[in-house]
Amino acid sequence: MTKPRLYSGIQPSKDSLHIGNYTGALVQWRALQDEYDAFFSIVDLHALTNAAHDPKILADATRGLAAQYIAAGIEPAKSCLYVQSHVSAHSELTWLLNTITGFGEANRMTQFKDKSQRFGADATTVGLFDYPVLMAADILLYDTVIVPVGDDQRQHVELTRDLAERFNSRFGEVFVLPKAQFPEEGARVYDLQNPTAKMSKSAESDAGILWLLDEPSVTAKKIMRAVTDTLGVVRFDWENQPGITNLLSIYTALTGRSEQEAEDEFTGRGYGDFKKTVADAVVAEFEPVRARTLELQADPAELDRLLAANAERAEAIANATLKRAQDAIGLLPRLR
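Counting from 25, one number per residue, gives the positions in the sequence shown under our numbering.
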């Protein structure tokens, strides 16, 4: 029986993933790859829309992200792990979709509006404006059924469905309509120093971010210095105790304990004891992933070979979809 297709991806915008990427994406992807025919892309073309991207480190960051995927349990023999730019159909289908995307609907994308207001018109690129259309091409190329994404990408997946339906209506049935799948509540992780803000690669301070590749002592120190409160009670209460609740969420995400079990475990225990237990859990989870990542990064040629092999598989599927779209839209086929 053929498994339904799944697609998702992460930008190589930093040397290391953080714990939010790990619990919110990689842990779930690791489980989903048994249930779906999974395609996981390192979306380096999307990374180019970040004005701060450094061309000197992009290739290394891409390879490093692949190593972290694998170290976290994404198996290249089971899932198709590849680099987005290695499959040119992503860019080619984006142009076809551009021709049926309304300027108004693209302009209404919340992430574009937020970033363009933050950076100003002169620093806002056409690439950033077109980011959701490229994402739609990413998804549609693989006859994707399920797209595991964060809630902040909900609007982009809705646009993808709209474009697929529009294309199919005008030119015939070419694309599968995908559905977004959102992480379970509690997968979102907040900044250790500002527990009302989502943990982000672009945070101003590194002190609130737990990087997957941090030294264990650095990870433990950040947790021990995490912002809490003076109430002295370890419980889930986002409104009154966001710092404690954030640490509890991290602990339950990594240990599999329920909220009630975690609260019961720390009843009557001080914040120092609680933080140390959380730190031990994070270090125990991260250390084997970190060690395996460093091992993989020590052999870049083997990583490149794995990525190239998976790009071939991705390319075969993507090119077939692209050809259907090109034929449907009326482009003259090239003689082979």
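Beta carbons: idealized from backbone N, C-alpha and C, even for Gly.
For residue i and residue j, which I take to be in contact (beta-carbon distance under 8 Å), what is that distance rounded to the nearest angstrom?
{"i": "T345", "j": "L165", "result": "5 Å"}
{"i": "A335", "j": "V107", "result": "6 Å"}
{"i": "P36", "j": "L105", "result": "Their Cβ separation, rounded to whole angstroms, is 13 Å, which puts P36 and L105 out of contact at 8 Å."}
{"i": "L271", "j": "A244", "result": "In fact, because the Cβ distance is near 13 Å, the residues do not count as touching under 8 Å."}
{"i": "L187", "j": "L69", "result": "Not really, about 18 Å apart at Cβ, beyond 8 Å."}
{"i": "I66", "j": "I34", "result": "7 Å"}
{"i": "A342", "j": "A71", "result": "With 8 Å as the limit, A342 and A71 do not qualify as a contact, their Cβ atoms being about 19 Å apart."}
{"i": "P324", "j": "R87", "result": "6 Å"}
{"i": "L330", "j": "H110", "result": "Between H110 and L330 the Cβ distance is about 12 Å, and since that is not below 8 Å, they are no contact."}
Between residue i and the rest of its own chain, which residues show a CB-CB distance below 6 Å, the 5 nearest in sequence each way excluded?
{"i": "T148", "result": "S140"}
{"i": "D61", "result": "K27, R29"}
{"i": "W262", "result": "T269"}
{"i": "R259", "result": "E287"}
{"i": "F63", "result": "Y31, C104, Y166"}
{"i": "I247", "result": "K299, V302, A303"}
Between which two residues does the alpha helix (DSSP H) carrying residue i extend?
{"i": "S139", "result": "Here residue 139 turns out to be Lys, not Ser, going by the sequence shown. Element bounds for K139: 134-143."}
{"i": "G151", "result": "150-164"}
{"i": "A55", "result": "51-56"}
{"i": "G33", "result": "Segment 29-34 is the beta strand (DSSP E) holding G33; no alpha helix (DSSP H) there."}
{"i": "F195", "result": "178-195"}
{"i": "P266", "result": "266-279"}
{"i": "V306", "result": "295-321"}
{"i": "I247", "result": "240-248"}
{"i": "W262", "result": "Segment: none, W262 is in no alpha helix (DSSP H) and carries neither H nor E."}
{"i": "H114", "result": "113-122"}
So, for residue i: in the same chain, excluding its five sequence neighbours on each side, which residues have a beta-carbon less than 8 Å away from its beta-carbon?
{"i": "G256", "result": "G294, Y295"}
{"i": "I124", "result": "L187, R190, F191, R194"}
{"i": "K152", "result": "Checking the sequence, you will find Leu at residue 152 rather than Lys. Correct list, in chain order: T73, F136, K139, S140."}
{"i": "T220", "result": "Y214, P266"}
{"i": "N122", "result": "D154, V157"}
{"i": "Q205", "result": "I170, V171, P172, V173"}
{"i": "R281", "result": "Y275, E289"}
{"i": "D351", "result": "P357"}
{"i": "V307", "result": "P240, T243, A244"}
Quick one: using the 10 Å Cβ neighbour count with 16 as the cut-off for buried, is residue i buried or exposed?
{"i": "A96", "result": "buried"}
{"i": "L236", "result": "buried"}
{"i": "K38", "result": "buried"}
{"i": "V150", "result": "exposed"}
{"i": "A338", "result": "buried"}
{"i": "N131", "result": "exposed"}
{"i": "K102", "result": "exposed"}
{"i": "P357", "result": "exposed"}
{"i": "R360", "result": "exposed"}
{"i": "K80", "result": "exposed"}
{"i": "E59", "result": "exposed"}
{"i": "E129", "result": "exposed"}
{"i": "A160", "result": "buried"}
{"i": "R142", "result": "exposed"}
{"i": "G232", "result": "buried"}
{"i": "G48", "result": "buried"}
{"i": "R314", "result": "buried"}
What is the residue span of the beta strand (DSSP E) that residue i lies within?
{"i": "G128", "result": "No beta strand (DSSP E) holds G128; the alpha helix (DSSP H) holding it covers 127-131."}
{"i": "K203", "result": "203-205"}
{"i": "S229", "result": "Element bounds for S229: n/a, residue is neither H nor E."}
{"i": "P79", "result": "From DSSP, P79 is part of no beta strand (DSSP E); its letter is neither H nor E."}
{"i": "A62", "result": "61-66"}
{"i": "P357", "result": "Looking at the DSSP string, P357 is not in any beta strand (DSSP E), and its letter there is neither H nor E."}
{"i": "Y106", "result": "104-107"}
{"i": "I170", "result": "170-172"}
Leaving out five residues on either side along the sequence, give the residues of the same chain with a beta carbon under 7 Å from the beta carbon of residue i.
{"i": "L320", "result": "A91, I94, A95, L327"}
{"i": "I353", "result": "L120, F195"}
{"i": "A305", "result": "Y275, L278, T279"}
{"i": "L168", "result": "Looking at the sequence provided, one finds Thr at residue 168 rather than Leu. So the qualifying residues of the chain are R29, L30, Y31, V200, P202."}
{"i": "Y46", "result": "A96, L236"}
At least 3 beta-carbon pairs within less than 8 Å: the segment 50-66 vs the segment 161-181: The segment 50-66, when compared against the segment 161-181, does touch it at the 8 Å Cβ threshold.
Three or more C-beta pairs below 8 Å linking the segment 186-205 and the segment 260-272: no
Sufficient close CB pairs (3 or more, under 8 Å) joining the segment 73-85 to the segment 295-305: no
Inter-stretch contact (C-beta, 8 Å, three-pair minimum) for the segment 209-227 and the segment 181-188: Of all C-beta pairs linking the segment 209-227 to the segment 181-188, fewer than three are shorter than 8 Å, placing the two stretches out of contact.
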